[in-house]
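A quick write-up on the structure given underneath.
Numbering (the working numbering), first residue to last: 74 to 112.
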């Protein structure tokens, strides 16, 4: 689980990090299916 909070202007590195986390989240959600375990 992640929470992202930024005060002020995001740097390029911060924007890349948020983009990476969002992409990983989308991939993880796409893998969730009945009977699939996390281990």
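Beta carbons: idealized from backbone N, C-alpha and C, even for Gly.
- With respect to residue 91, residue 112 sits apart: the two C-beta atoms are not nearer than 8 angstroms.
- Excluding residues up to 5 positions away in sequence, nothing lies with its Cβ nearer than 6 angstroms to the Cβ of residue 106 in the same chain.
- Annotation: the continuous alpha helix (DSSP H) that includes residue 102 extends over 85-104.
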